Every structure is written in C-alpha cells, then in structure tokens.
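Asker: Numbering (the numbering used here), first residue to last: 6 to 643. Quick reminder that beta carbons are idealized off the backbone N, C-alpha and C, glycines included. Quick caveat, the model's predicted, so the values are computed rather than measured. Following this message is one structure expressed as structure tokens.
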C-alpha cells in the first residue's frame with residue numbers, strides 16, 4: 006500500500022462522497038501500473054472547463070521526475086458534477102519505480118500511487134491473487150484456511166439425494182412453486198468443488214468455465230505458472246469428474262437451490278446469511294434443502310443426450326487438463342481424455358433444449374449460444390489427442406470444431422469472450438489444432454484459419470470502436486451486467502489475436518481496458534480485490550463479510566473480481582435492508598462514497614447489500630486470471 010501524503014489525501018477525498026467531493030478535481034489512473042514501453046494515460050475530472058493545467062510525476066522520494074501540460078481538449082462530459090474529463094499523457098515515463106501524479110495550476114489534484122513495472126511482475130500477481138480467490142471458494146473437506154480462516158463445509162454433500170427439477174414462478178423468478186421437492190431416486194457424491202459466487206451454490210456450468218480458463222492459463226504460462234494454479238485447476242477437475250458419471254452417462258447440474266418455495270415451507274441458500282461450515286449442523290426443518298441436506302439435480306436423465314453448451318464446455322475442461330498432463334502424467338491425461346470424449350459424445354446437437362440448460366432456474370445464467378461451446382470442446386479434444394500422440398484420433402474432432410465454428414460465425418456473433426461466449430478461446434485453439442494437424446490454413450474444413458482470425462478481430466474491433474468514443478476508453482458496456490468479466494475477456498482476446506497473427510494493432514486498446522479495470526474509470530476504483538490502493542471492500546460475499554474486512558479492517562478475499570458498474574436503473578428500489586446475519590459494510594449505511602460519480606446511466610456501489618455491482622464470482626475472476634496469463638505470455642513471446 007502506498008503511504009504518501011498525496012495518496013492519502015486523494016483516497017480521503019474520494020471517500021467523502023459529498024458535494025465537496027463532487028466539486029473537487031479528481032485524477033484517475035491505472036493503480037496497478039504501466040509497462041515501460043506502453044502508452045500511459047490518466048484522466049483529470051473537473052467540475053468546470055479548465056485550461057492551462059499542468060501535471061508532475063512524483064517518485065516515491067517526493068521528487069518530480071516528469072512534467073507537462075494536461076490535455077487541452079476535454080474527452081467529454083461524465084455527469085453534471087464532472088462536465089469535463091481531460092487526458093494526462095505521461096508515456097515518456099519509462100523508469101521502473103513507484104509514482105503518483107500531481108495536477109496544479111487551473112486545477113488541483115493528486116492521484117493514488119502506481120508502478121512502472123514489467124509484464125511478468127504485473128500479470129503474475131494478478132494470476133496468483135485470482136487463484137487465491139478460487140481457494141477461498143473451495144467447498145468440502147479439502148479447504149485452505151487462508152486469510153479468511155476457511156473451515157471444511159458441506160460434508161453432507163458426499164451423499165446428496167438426487168431430485169427432479171422444481172418448478173419456478175413465472176417472470177424469471179427463482180422462487181419454487183412446488184410444495185416440496187420430489188426425489189428422483191438415489192444419491193450421489195457431489196462434495197468439494199467451488200462456491201459459485203458470494204453464496205454457497207455450486208454449478209457445473211460455471212465451474213467448467215472456471216476450470217477451463219485455469220488450465221488454459223497454466224498452459225499459456227508453462228514453467229512460469231505458479232504451483233497454486235496447477236493445484237487449483239486439478240481441484241476443480243476432481244469435482245467435475247464427480248459431476249460427470251461415465252458409467253451411467255449422467256451429468257449432474259448443480260448442488261443446492263437459490264430460494265425456497267412460495268409457501269414458505271422450505272428455504273433456499275439465498276435466504277440465509279452464514280458461514281458455510283454451519284450448514285451441516287443446521288437442524289431447522291425449513292433449512293433442510295438450503296443447508297444440512299442440499300439437493301443435487303441432473304442435467305438430463307441418465308443416458309440421455311445433454312444440452313450441448315454443457316457437454317461442450319465440460320469436455321473442454323477435461324481436454325485442457327489432458328493437454329497439461331500429457332507429458333508429465335500420461336495415464337492421468339488418458340483418463341482425462343476419456344472423460345472429455347465420453348461427455349462430448351452425449352451432446353444433444355440435433356435438438357438442443359430451449360432454453361439451454363445452465364442452472365435451476367435458468368434465469369441465473371440465461372445462455373443462448375452453444376456452437377461456441379461445442380467448437381471449444383472439439384478443438385481442445387483435438388489438441389489433447391495430438392498431445393497424447395493420437396494424431397489420427399484428432400481428425401474427426403478437428404472437423405467437428407470447424408463445423409461448429411462455421412455455425413457460430415453464421416448465427417451467434419453477438420458477444421465477446423466471457424462465461425456466455427467461449428468462441429475467442431475456441432477459435433484460437435482451433436487455429437492451433439489446424440497447425441498441429443499439418444493444415445495451418447484449414448483447407449478442406451468447414452471453416453478456415455482466415456475466418457477464425459477475422460472473427461477474433463471482429464470481437465476486438467467492435468469493442469475498440471466503442472472505446473474510441475467513450476470518455477474513459479471503456480470497451481465494455483458498463484450499464485449492463487458483467488462488464489468486468491467482458492472487459493477482462495477483451496484483454497484475453499487481444500492476446501489470443503496477437504499470438505495468432507503477430508498483429509499488435511489492438512495492444513493500445515488492451516492497455517486502455519486494463520487501465521479502466523484498475524482505476525482509470527469514473528469511480529477511480531479497481532474492481533479486483535487487493536490490487537492497487539482502492540478496490541471493493543464490502544463485497545456481497547458471505548465468507549468475506551463474516552470473516553474478513555469491514556470498511557477495510559481485517560483480512561480480504563484477495564483476487565476476487567466483482568461485477569462492476571451496472572445500470573443505474575438497477576438501483577431504483579434502493580439497496581434495501583441488511584439481511585439477517587449480515588455485518589454492515591460500510592459501517593455507515595447511509596454513506597455512498599461513489600455516488601458523486603454516477604453517470605452515463607451507470608452506477609457503482611461498494612456495499613454488502615449491492616448484489617448488482619459488488620458480488621464476486623468464479624467466472625469473473627477466471628476471466629481475470631486468463632487475461633493476465635495470456636497478456637504475460639504474449640509479452641514474453643515478443
């Protein structure tokens with residue numbers, strides 16, 4: 006943590022959240038820093054138009070090492086309190102060290118500290134910290150105590166009863182309308198795995214995405230990968246192996262229910278606020294499904310075809326594990342390959358369910374595309390076959406991947422890399438699979454290399470065009486859900502595109518997206534816990550709230566990535582009351598230090614009640630991990 010007086014003054018000013026703060030000038034910078042050779046831009050937010058403002062870059066010893074003029078042309082209006090935002094360009098600063106910016110003259114402000122550092126130093130910390138959050142999310146007996154003193158939890162999941170899908174109230178509600186859950190027969194060991202988000206539900210859909218990006222990150226980093234990354238990826242794989250029962254061809258979908266029923270005879274996970282280790286000992290009859298004896302559900306009947314989005318992404322996770330393990334543990338890799346191919350074969354591509362199966366209720370994760378997941382699974386299986394020396398076995402999967410890619414390109418190109426669209430990683434790895442098969446152009450396949458490269462570029466160009474006209478160069482849509490995950494996805498896609506083509510034309514755009522994620526935004530905060538000086542401290546996360554930091558005091562869930570800014574209309578009804586058992590955070594529930602920076606239809610709130618902006622999740626943090634890993638790998642390959 007920086008300790009300069011200028012940084013302390015800046016953080017104090019932001020924390021006031023008052024009319025005085027709204028009238029004062031603010032500097033927004035990337036708090037984790039900049040690489041020596043990249044373009045470096047901060048932003049000066051002012052309460053009125055100014056001219057003649059100057060900046061100085063001050064080192065950790067208090068010496069000015071660079072000075073210049075603040076940009077004379079405003080990038081546009083943010084809100085009524087901040088009608089002008091001026092760029093501060095300090096690209097000439099290249100010497101490694103710790104610095105902060107000071108603006109003087111027509112405006113006066115100081116920034117938080119930032120570093121000039123190497124790609125390895127910057128991105129390796131993000132990877133390691135992201136993995137630390139995955140460790141926080143562990144369930145079962147094999148937890149890691151860590152800073153938040155995690156304890157074993159939900160051991161009763163070892164013998165979870167299997168239930169039929171419940172019925173939910175209309176309108177996307179998660180309230181169950183049945184008087185009780187109905188058993189489907191039998192039980193299954195679904196212990197372990199990761200909590201999905203700030204709650205204690207576990208979903209195959211999100212866990213598979215998380216595990217796939219962990220293995221892909223490890224593959225990208227090679228010998229530079231932290232040992233914790235390999236351990237965590239295999240931890241996730243172990244749970245997916247429980248969820249995919251090859252002997253009965255049954256994929257288990259999730260563990261637990263979110264809300265209880267409309268009659269009030271049983272509760273759901275979201276109706277309780279507690280530490281997870283308390284659940285097995287909860288004897289309340291109403292909590293039988295939310296705590297002590299959590300239900301599990303299958304994605305389809307045993308032996309039946311499975312929703313292709315699930316079959317594709319889970320098989321991709323197994324195949325990525327096989328690639329990582331092929332050289333060092335061939336027998337383990339062979340078992341992972343078998344898991345991947347057996348599940349892939351169960352994909353219901355002839356008549357996919359509508360809606361696609363993701364979670365119960367579907368409204369938790371309403372996914373609309375599946376061709377990308379099938380391309381993902383087939384491409385990774387092809388690469389795994391090559392890694393295991395089964396080149397002939399790779400051919401049908403290579404052909405499949407190209408076919409699914411063609412279908413994606415013809416119908417599904419409305420998104421960028423995130424939980425709901427895995428096409429960027431699928432495209433990049435299909436390109437690798439073509440090369441491994443000795444056909445780098447993809448001749449004779451349903452789609453060739455050039456079309457895949459063009460779509461990677463399309464995803465980047467769409468966001469880059471948006472960023473060019475945005476006040477803070479944001480490529481994501483910050484008035485909608487999951488902007489942080491999408492923005493980290495853009496960082497990942499730029500690295501994939503650069504590695505596939507050698508084209509660095511989007512490198513500056515990628516820097517702008519990283520800057521935005523770590524503080525060069527209207528709110529001046531980063532969205533990954535523990536990175537920089539200002540980041541979320543009051544997440545809607547039960548373990549963090551009850552065992553960790555309150556108003557910055559106590560341990561943190563380091564590495565967690567929150568949803569980030571969201572549409573201001575999401576807060577029409579306010580934040581509501583604290584749930585029973587919650588610890589108030591911030592302590593002053595009437596204070597919102599970021600209120601003065603609501604603008605462009607978007608709001609960010611750091612409050613334990615703010616699920617709209619402040620809940621972390623596996624997929625959001627997983628996107629950050631793979632973005633950092635791929636950016637580090639791309640920089641090393643330059």
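From the DSSP output, in three-state form, read off residue 495 for me.
Answerer: Along the chain shown, one-based indexing puts residue 495 at 490. Three-state DSSP puts residue 495 in a helix.
Asker: Give the secondary structure of residue 382 by DSSP, where H, G and I count as helix, E and B as strand, and everything else as coil.
Answerer: Here residue 382 refers to the residue found at position 377 when the chain shown is read from its first residue. Note: residue 382 maps to helix in three-state DSSP.
Asker: Buried or exposed for residue 96, going by 16 or more other Cβ atoms inside 10 Å?
Answerer: For the purposes of this step, residue 96 is taken as the residue at position 91 of the chain shown. Residue 96 comes out exposed.
Asker: Figure out for me which residue from 79, 294 and 268 has the closest Cα to the Cα of residue 161.
Answerer: Working through the chain shown from its first residue, we reach residue 161 at position 156. When each option's Cα is compared against that of residue 161, the closest is 294.
Asker: For residue 551, does the three-state DSSP call read helix, strand or coil?
Answerer: Taking the chain shown and counting its residues from 1, the one referred to as residue 551 is at position 546. If DSSP states are grouped into helix, strand and coil, residue 551 belongs with the helices.
Asker: Going by DSSP, name the residue or residues bridged to residue 74.
Answerer: Reading the chain shown from its first residue, position 69 is the one you call residue 74. DSSP output for residue 74 lists 59 as bridge partner(s).
Asker: Let's see if you can read the secondary structure: which residues bound the alpha helix (DSSP H) around residue 275?
Answerer: As a first step, residue 275 must be located in the chain shown, where it is residue number 270. Note, residue 275: premise wrong, no alpha helix (DSSP H); not H, not E.
Asker: What residues in its chain sit with their C-beta under 7 Å from that of residue 213, if we drop five residues either side in the sequence?
Answerer: The residue given as residue 213 occupies position 208 in the chain shown. The answer, listed in chain order, is 245, 318, 319 and 322.
Asker: Inspect the beta-carbon positions of residue 628 and residue 494 and report whether they are closer than 8 Å.
Answerer: To locate residue 628, count along the chain shown from 1; it is residue 623. To locate residue 494, count along the chain shown from 1; it is residue 489. Yes.
Asker: Would you be able to state if there are at least three C-beta pairs under 8 Å between the stretch 245 to 257 and the stretch 294 to 303?
Answerer: At 8 Å Cβ cutoff, the stretches touch.
Asker: Give the single residue among 151, 466, 434 and 450 whose Cα lies nearest to the Cα of residue 559.
Answerer: Counted from its first residue, the chain shown places residue 559 at position 554. It is 151 whose Cα lies nearest to the Cα of residue 559.
Asker: What separation, rounded to the nearest whole angstrom, lies between the Cα atoms of residue 382 and residue 589?
Answerer: In the chain shown, the residue the question calls residue 382 occupies position 377. In the chain shown, the residue the question calls residue 589 occupies position 584. Taking the straight line joining both Cα atoms gives about 44 Å.
Asker: Of all the options 277, 278, 297 and 634, which has the alpha carbon lying nearest to the alpha carbon of residue 284?
Answerer: Within the chain shown, residue 284 is the residue found at index 279, counting from 1. If we check each option's Cα against that of residue 284, 297 comes out closest.
Asker: Say whether the stretch 321 to 339 touches the stretch 387 to 407, bearing in mind that this needs 3 or more beta-carbon pairs closer than 8 Å, one atom from each stretch.
Answerer: As far as the Cβ criterion goes, the stretch 321 to 339 touches the stretch 387 to 407, which means the pair count is three or higher.
Asker: DSSP state of residue 219, grouped into three classes?
Answerer: In the chain shown, the residue the question calls residue 219 occupies position 214. Three-state result, residue 219: helix.
Asker: Here's the rule: buried if 16 or more other CB atoms are within 10 angstroms of the residue's CB, otherwise exposed. What is residue 428?
Answerer: One-based indexing of the chain shown puts residue 428 at position 423. Buried, since its Cβ has 16 or more Cβ neighbours within 10 Å.
Asker: Within the continuous beta strand (DSSP E) that includes residue 180, where are the two ends?
Answerer: Residue mapping note: residue 180 aligns to position 175 of the chain shown, counting from 1. Looking at the DSSP string, residue 180 is not in any beta strand (DSSP E), and its letter there is neither H nor E.
Asker: By DSSP's criteria, residue 607 is part of a beta bridge. Which residues make up the other side?
Answerer: The residue given as residue 607 occupies position 602 in the chain shown. BP columns for residue 607 point to 572 and 604.
Asker: Could you tell me the alpha carbon to alpha carbon distance between residue 633 and residue 163, rounded to whole angstroms?
Answerer: Within the chain shown, the letter at position 628 stands for residue 633. Within the chain shown, the letter at position 158 stands for residue 163. Approximately 35 Å between the Cα atoms of the pair.
Asker: Measuring CB to CB, does residue 98 end up less than 8 Å from residue 75?
Answerer: Here the question's residue 98 lines up with position 93 in the chain shown. Here the question's residue 75 lines up with position 70 in the chain shown. Not a contact, by the Cβ cut-off of 8 Å.
Asker: According to the neighbour-count rule (16 or more other Cβ atoms, all chains shown, within 10 Å of its Cβ), is residue 228 buried or exposed?
Answerer: For the purposes of this step, residue 228 is taken as the residue at position 223 of the chain shown. Residue 228 should be labelled exposed.
Asker: Judging by CA-CA distance, which residue of 218, 143 and 234 is the nearest neighbour of residue 195?
Answerer: Here residue 195 refers to the residue found at position 190 of the chain shown. Closest by alpha carbon: 143.
Asker: Helix, strand or coil for residue 353? Go by DSSP, reduced to three states.
Answerer: Position 348 of the chain shown holds residue 353. The answer is coil: DSSP assigns residue 353 none of H, G, I, E or B.
Asker: Pull up the distance between the alpha-carbon of residue 356 and that of residue 313, whole angstroms please.
Answerer: Sequence index remark: in the chain shown, residue 356 carries index 351 (1-based). Sequence index remark: in the chain shown, residue 313 carries index 308 (1-based). Going from the Cα of residue 356 to the Cα of residue 313 covers about 9 Å.
Asker: Sorted by chain position, which residues of the same chain lie with C-beta nearer than 8 Å to residue 547's C-beta, five sequence neighbours on each side aside?
Answerer: Here the question's residue 547 lines up with position 542 in the chain shown. Correct list, in chain order: 203, 204, 205, 278, 279, 280 and 281.
Asker: Would residue 241 and residue 219 qualify as a contact pair, given that the criterion is a beta-carbon distance under 8 Å?
Answerer: Within the chain shown, residue 241 is the residue found at index 236, counting from 1. Within the chain shown, residue 219 is the residue found at index 214, counting from 1. Taking 8 Å as the Cβ cut-off, residue 241 and residue 219 qualify as a contacting pair.
Asker: Measure the CB-CB distance between residue 414 and residue 456 and report whether it falls below 8 Å.
Answerer: Taking the chain shown and counting its residues from 1, the one referred to as residue 414 is at position 409. Taking the chain shown and counting its residues from 1, the one referred to as residue 456 is at position 451. Yes, the Cβ-Cβ distance between residue 414 and residue 456 is below 8 Å.
Asker: Answer yes or no: do residue 635 and residue 501 have a C-beta to C-beta separation smaller than 8 Å?
Answerer: Working through the chain shown from its first residue, we reach residue 635 at position 630. Working through the chain shown from its first residue, we reach residue 501 at position 496. Yes, these two residues count as a Cβ contact at 8 Å.
Asker: Cβ atoms of residue 179 and residue 263: under 8 Å apart, would you say?
Answerer: Locating residue 263 in the chain shown gives position 258, counting from the first residue. Locating residue 179 in the chain shown gives position 174, counting from the first residue. Yes, these two residues count as a Cβ contact at 8 Å.
Asker: Ordered along the chain, which non-local residues of its own chain (more than five positions away) have a Cβ less than 6 Å from that of residue 641?
Answerer: For this step, residue 641 is matched to residue 636 along the chain shown. Counting only Cβ-Cβ distances below 6 Å, and skipping sequence neighbours, we find nothing.
Asker: Please determine if the stretch 365 to 380 and the stretch 396 to 404 are in contact, where contact requires at least 3 C-beta pairs separated by less than 8 Å.
Answerer: Not touching, per the Cβ criterion.
Asker: Take every Cβ of the stretch 479 to 498, pair it with every Cβ of the stretch 435 to 455, and state whether three or more of those distances are shorter than 8 Å.
Answerer: No, the stretch 479 to 498 is not in contact with the stretch 435 to 455.
Asker: For residue 32 versus residue 85, is the C-beta spacing smaller than 8 Å?
Answerer: Translated into positions along the chain shown, residue 32 becomes position 27. Translated into positions along the chain shown, residue 85 becomes position 80. No.
Asker: By the DSSP assignment, the alpha helix (DSSP H) with residue 123 in it spans what residues?
Answerer: Here residue 123 corresponds to residue number 118 of the chain shown, with the count starting at 1. Unbroken run through residue 123: none, as it is neither H nor E.
Asker: Label residue 353 either buried or exposed according to how many other C-beta atoms from any shown protein chain fall within 10 Å of its C-beta, with 16 as the threshold for buried.
Answerer: Translated into the one-based positions of the chain shown, residue 353 becomes position 348. Result: buried.
Asker: Just to confirm the assignment, what range does the alpha helix (DSSP H) spanning residue 474 have?
Answerer: Taking the chain shown and counting its residues from 1, one reaches residue 474 at position 469. 454 to 474 is the span of the alpha helix (DSSP H), which, as asked, contains residue 474.
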